[in-house]
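Student:
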Amino acid sequence: MSEGFVYILTNRKDGVLYIGVTNDLAERIEQHRSGAVKGFTHRYQCHRLVWFEQFENIHDAREVEQRMKAWKREWKIKRVEEVNPGWEDLSHLLA
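Here's what the structure looks like:
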């Protein structure tokens, strides 16, 4: 089974939040930025990677994604700010 990532994208600090899951985070972020992924992230220009967590397998990542999507907005913001208080784009860490 392949590894998995849960990630949070935004359009700006304290902006719209999007939570996703993937097995290839670098490729998925590029898909969001290029417009290949239509829908929410395209509509709201959520291209800034502000948080991610790696899991040993995609199944665990999907479970965490589903739980996080049910969280209150404040909890999601706290999760981001624990590791990224400036809401900087973390995509450079994927290289």
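So for the sequence shown, the UniProt record's numbering puts the first residue at 1; every next one is plus one. For glycine and all other residues, C-beta sits at the position ideal for the given N, C-alpha and C.
Taking three-plus beta-carbon pairs below 8 Å as touching, is the segment 62-80 in contact with the segment 25-33?
Tutor: The segment 62-80, when compared against the segment 25-33, does not touch it at the 8 Å Cβ threshold.
Student: Enumerate in chain order the residues of its own chain whose CB-to-CB distance from residue 14 is below 8 Å, with the five nearest sequence positions on each side excluded.
Tutor: Around residue 14: 77, 87.
Student: Taking residue 3 as the reference, which of 41, 60, 17, 36 has the closest Cα?
Tutor: If we check each option's Cα against that of residue 3, 60 comes out closest.
Student: In terms of residue numbering, what span does the beta strand (DSSP E) encompassing residue 83 cover?
Tutor: Run containing residue 83: none in the beta strand (DSSP E); it sits in the alpha helix (DSSP H), 73-83.
Student: Check residue 16 in the structure and name its three-state DSSP category.
Tutor: It is coil, neither helix nor strand.
Student: What is the C-beta distance between residue 58 and residue 11, in whole angstroms, given that I count them as a contact (C-beta under 8 Å)?
Tutor: With 8 Å as the limit, residue 58 and residue 11 do not qualify as a contact, their Cβ atoms being about 26 Å apart.
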